[in-house]
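Below is one structure, written out as structure tokens, with a few remarks after it.
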Amino acid sequence: DGGITQSPKYLFRKEGQNVTLSCEQNLNHDAMYWYRQDPGQGLRLIYYSQIVNDFQKGDIAEGYSVSREKKESFPLTVTSAQKNPTAFYLCASSKKGTAQTSTDTQYFGPGTRLTVL
Amino acid sequence: AQSVAQPEDQVNVAEGNPLTVKCTYSVSGNPYLFWYVQYPNRGLQFLLKYITGDNLVKGSYGFEAEFNKSQTSFHLKKPSALVSDSALYFCAVRDPNSGYSTLTFGKGTMLLVSP
């Protein structure tokens, strides 16, 4: 987990509220990712960013938004449009990005567990 | 499209015995393959990866994995299991020849090592 921090560790949200999950890395990595983990479903990609001020939708982007204003930061907002947001959210980063020839390893933060009340 | 399958939801092994966690993949070309481990309420930790070269890859904590192109498999192995190896293990694949440039993860296999 070293080098990537996520906060808060636990987050509780009321229905209809937007919440923002923080992800910061000090590894000088270009690419950052957000995944959602549900029991028995593995990891599903929400958004990813290869470079500052650029990001792409992953497999399950609906109801989520991101920004990449700084290289070290990639916050994720879970909006009220996300119908089932209760899950474990994982942020990751890799050195050179998601170019097709990249062999880079993704490194993960400790995660944020979001619960909707 | 790229996909990965972990056919076992759970693997049980006694401490000291060898362990194998299975992974098969589907890609159009030569894959990049990764194994990660996750302890409860923690992020994923990188164990090892195969890019090219020797089919047997050695990684962290005594784990190794064997790439088998003909069987499209990348099974994770360890000669002697420890109770502390009990965790959730994920296999992931990237197809560098496809238009999809990120990792696809399997659903995970829970490894339980009994004393």
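Just so you know, the protein sequences line up as chains A and B, in that order. Whatever position you read off the first sequence (first residue = 1), add 11 for my numbering. Letter 2 of the second sequence, counting from 1, is numbered -1 in my numbering, and no numbers are missing. Backbone N, C-alpha and C define an ideal beta-carbon position, used for all residues, glycine too.
Item	Value
Based on the DSSP output, what are the partners of His72 of chain B in its beta bridges?	B:Glu63
Measuring alpha carbon to alpha carbon, tell me which of A:Phe85, A:Asp65, A:Arg55 ends up nearest Ile71 of chain A.	A:Arg55
Just how far apart, CA to CA, sit Gly51 of chain A and Arg39 of chain B?	16 Å
With respect to the beta strand (DSSP E) encompassing Ala98 of chain A, which residues constitute its N-terminal and C-terminal limits?	98 to 105
Along the region 10 to 43 of chain B, what residues have a CB closer than 9 Å to any CB found in chain E?	Absence of chain E from the displayed structure is noted, the protein chains being A and B.
Which residues, in chain order, does the region 85 to 108 of chain B contribute to contact with chain A at a C-beta distance below 7 Å?	Phe87, Pro93, Ser98, Thr99, Leu100, Phe102, Gly103, Lys104, Gly105
Is it right to say Lys25 of chain A is buried, meaning 16 or more other beta carbons lie within 10 angstroms of its own, or is it exposed?	exposed
Quick one: does Lys46 of chain B have its CB under 8 Å from some CB of chain A?	yes
8 Å is my cut-off, CB to CB: does Asp12 of chain A come that close to chain B?	For Asp12 of chain A, the predicted model reports a pLDDT of 48, less than 50, meaning its position is unreliable; a value from the coordinates is still stated below. True, the Cβ-Cβ gap to chain B drops below 8 Å.
Considering Cα atoms alone, identify which of A:Tyr44, A:Ala92, A:Gly53 is closest to Arg79 of chain A.	A:Tyr44
Can you pull the chain B residues whose beta carbon is under 7 Å from the beta carbon of Gly120 of chain A, in chain order?	Gly40
Identify which residue in B:Pro112, B:Cys88, B:Thr106 has its Cα closest to the Cα of Ser81 of chain B.	B:Pro112
Using DSSP with H/G/I as helix, E/B as strand and the rest coil, what is Asp82 of chain B?	helix
Please report the distance separating the alpha-carbon of Ser0 of chain B from that of Arg91 of chain B.	9 Å
Touching or not, the region 46 to 57 of chain B and the region 17 to 24 of chain B, by the rule of three or more beta carbon pairs under 8 Å?	no
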